[in-house]
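Note that the UniProt record's numbering has the sequence shown beginning at 1, numbered continuously upward. Just so it is clear, CB atoms sit at the ideal spot from N, CA and C, and this is done for glycine as well. These figures come from a predicted structure and were not determined experimentally.
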Amino acid sequence: MTFMDETLVEEDIQPVYVSAGITDVGRLRATNQDAFVELHAAGVWSVADGMGGYRDGDVASRMVCEGLQLLTGDGSLDEAASAVRQRMSDVNRRLYEASVRPINPIVSGSTVAVLLVRRTELAVLWAGDSRVYRWRQGQLTQLTTDHTWAAELNLQHPDEEADHAITRAVGGEATLTLDIRKDRVRLGDRYLLCSDGLTRELNDAQIASALSADDVKTSARKLIDATLKAGARDNVTVVIVEAT
Numbered sequence: 001m002t003f004m005d006e007t008l009v010e011e012d013i014q015p016v017y018v019s020a021g022i023t024d025v026g027r028l029r030a031t032n033q034d035a036f037v038e039l040h041a042a043g044v045w046s047v048a049d050g051m052g053g054y055r056d057g058d059v060a061s062r063m064v065c066e067g068l069q070l071l072t073g074d075g076s077l078d079e080a081a082s083a084v085r086q087r088m089s090d091v092n093r094r095l096y097e098a099s100v101r102p103i104n105p106i107v108s109g110s111t112v113a114v115l116l117v118r119r120t121e122l123a124v125l126w127a128g129d130s131r132v133y134r135w136r137q138g139q140l141t142q143l144t145t146d147h148t149w150a151a152e153l154n155l156q157h158p159d160e161e162a163d164h165a166i167t168r169a170v171g172g173e174a175t176l177t178l179d180i181r182k183d184r185v186r187l188g189d190r191y192l193l194c195s196d197g198l199t200r201e202l203n204d205a206q207i208a209s210a211l212s213a214d215d216v217k218t219s220a221r222k223l224i225d226a227t228l229k230a231g232a233r234d235n236v237t238v239v240i241v242e243a244t
């Protein structure tokens, strides 16, 4: 794996990572199928979004997060990424086997977006349309690419529900593939993990404005409040991580 940003970073810098996470059921949904993880000791943060329209989407997203809660802060960034792949593969197998069993099959699944840090090195792993953004000196950059029909067809303004259908998820197929992207952290960077309940309602300018708040808790609250004000047609979850 290569780093997205090859800008030199002082080796002796040891950022302290602070974070804030909020989830909300939104305006229209009866249940919240989102879940998130803040595991500072292991350098792990994650958002999972149970697949809409399926039974037990909340169970699937919870299983994803429970699998990640087992991670530790041991090992290198590559070793941590391998551990994430293994945990998610285990959850994928359990969900997929439940969906294809001949008696009482349970079809469910979940997106996942994971942020891993080791000192000034960072990796993002994901499947589905939960996103990770980097906010650096006022510039917002999306680090993930959506696994949706709209993204695969390069639709600029998807308006049909089918266009938003995800093409990859934990539990969706017998084998799970997680995409990965690495980055180098600079002091002051903020990373946003979010479910699509946020990005369906807010544009990049609105997201960047909220991320410019004085602290991560305020930023998280601003993002949730703006989404609710915009209609919040889906569950919405945000986790913001800052290198201080």
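The segment 233–243 makes contact with the segment 186–202: 3 or more CB pairs, one atom from each, lie closer than 8 Å. Separation of the CB atoms of V236 and S19 is rounded to 17 Å, and the pair is thereby denied contact status at 8 Å. Within 10 angstroms of the beta-carbon of T23 lie 16 or more other beta-carbons, which makes it buried. Annotated three-state conformation of D24 is strand, per DSSP. With fewer than 16 other beta carbons inside 10 angstroms of its own, V100 counts as exposed. Boundaries for Q33: no beta strand (DSSP E) harbours it, and the DSSP string shows neither H nor E there. In the assembly as shown, E97 is an exposed residue. Its beta-carbon has fewer than 16 other beta-carbons within 10 Å. CA-CA distance, R200 to L153, rounds to 18 Å. By the Cβ-count criterion, L95 is buried, with 16 or more other Cβ atoms from all chains shown falling within 10 Å of its own Cβ. Pairing R131 with I103, the inter-Cα distance amounts to about 35 Å.
Residue pairing for A127: DSSP places it in a beta bridge opposite V112. For S99, the secondary structure class from DSSP, reduced to helix, strand or coil, is helix. Contact between D129 and T148 is confirmed by a C-beta separation of about 5 Å, below the 8 Å threshold.
With a beta-carbon spacing of about 5 Å, V84 and L125 fall inside the 8 Å limit used to define contacts. Separation of the CB atoms of V170 and M88 is rounded to 6 Å, and the pair is thereby assigned contact status at 8 Å. Assigned with DSSP and collapsed to three states, E201 falls in coil, not helix or strand. When rounded, the separation of the alpha-carbon atoms in V91 and L71 is 14 Å.
Taking one beta carbon from each stretch, the segment 228–235 and the segment 171–189 have fewer than 3 pairs nearer than 8 Å; the two do not touch. In the three-state DSSP reduction, R134 falls in the strand class (E or B). By the beta-carbon neighbour count (other beta carbons within 10 angstroms, threshold 16), L211 is buried.
Contact between A113 and K182 is absent: CB atoms are separated by about 15 Å, not below the 8 Å threshold. Contact between A208 and K222 is absent: CB atoms are separated by about 11 Å, not below the 8 Å threshold.
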